[in-house]
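Numbering (my numbering), first residue to last: 187 to 527.
Every residue gets a Cβ at the ideal spot worked out from N, C-alpha and C, and that includes glycine.
Since the structure is predicted, the reported quantities are computational estimates derived from the model, not experimental observations.
1) Name the two residues that bound the continuous beta strand (DSSP E) containing residue 435.
2) Just checking, does the stretch 442–451 make contact with the stretch 373–385 on the three C-beta pairs under 8 Å criterion?
3) Assess, as a yes-or-no matter, whether the stretch 353–373 is touched by the stretch 417–424 under the definition of 3 or more beta carbon pairs within less than 8 Å.
4) So is residue 395 buried or exposed if we call it buried at 16+ other beta carbons inside 10 Å?
5) Which of the three DSSP states is assigned to residue 303 in this structure?
6) Based on the DSSP output, what are the partners of residue 337 in its beta bridges?
7) Let me make sure I understand the geometry here. Which of 390, 293 and 378 has the alpha-carbon closest to that of residue 335?
8) Helix or strand or just coil, what does DSSP make of residue 293?
9) Name, in chain order, the residues that DSSP records as bridge partners for residue 406.
10) Could you check whether residue 301 and residue 256 sit closer than 8 Å to each other, using their CB atoms as the reference points?
11) Measure the CB-CB distance between residue 487 and residue 406 and report whether it falls below 8 Å.
12) Tell me the DSSP secondary structure of residue 427 in three-state form.
13) Spatial neighbours of residue 592 within its chain, please: C-beta separation below 7 Å, excluding the five flanking residues on both sides.
14) Please list the terminal residues of the continuous alpha helix (DSSP H) segment that includes residue 491.
15) Report the partner residues of residue 454 according to the DSSP bridge assignment.
16) Between residue 369 and residue 443, what straight-line distance do the alpha-carbon atoms span, to the nearest angstrom?
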């Protein structure tokens, strides 16, 4: 798998007090390695500390360590540094290095085998990134969403488990529309596609669907197309670099009427952004989270578009359609709107 572009040097601007703390924790990690694998403590400490000062926590020279031992060592090291979900972080990273998605997928014997030099170096490289508070999804460069494995890349927004609830609502509506209108084709607009998680999951689940997706981030647009190509879903997907706030007229000119308008929009009040975890503030795209002074700066233009782009549900039903906007605090706005305003 491709390696994420090298991060700026670790500890390059850390003060003496933090360096002293780091030396103590590296010494602790080395003690664990020494106890578990017989590494020379003196040589290991020197190697770890010198590399930490240069920008990464490198494995001690001539270190023999099993996957199980590495998981324990790094989990404790993450704990010392206040990394969230330390054990899960260690397990995901080391499972990834061993070619599996989760620890449960790794054969028991493989966990007890000594890591190869390349595996050990890779574990230390990725775990060092996690020490910078980089989310695990960015560290291992992929994540599962429903039935799909998607490539992940900072700062593109990482899909949350709660977003899967949104997919269930749309799938339910798609069945209703097809049943009522006997149509064999459906169209969807997604505002803010990010990694493509929502659009690609819908395309994967609904063979008759075509999706028009947009995002204001070039990185997100490229990542969505990359994931679509990897999954073979690119033929039913259009992705455009457009801002729903600034480019409403362009969207209306390019996008045909749709049966669904779907979005997981920014919803946080600007004043609340500073309360987010370090992992989010440091690495994820703030524009995917910041909803302005009242949290509705992106939702308003989405609703304005909906009345102009949504198609009727069917001739036997009132000319009404539904826009589903998912609020990440587990609140769902289900708003019924007339296509004519």
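On the basis of the data shown:
1) Per DSSP, residue 435 belongs to no beta strand (DSSP E); it is in the alpha helix (DSSP H), 434–440.
2) yes
3) no
4) buried
5) helix
6) 328
7) 390
8) coil
9) In DSSP, residue 406 forms no bridge with anything.
10) yes
11) no
12) strand
13) The structure shown has nothing for residue 592, since the chain only spans 187 to 527.
14) 485–495
15) 476
16) 15 Å
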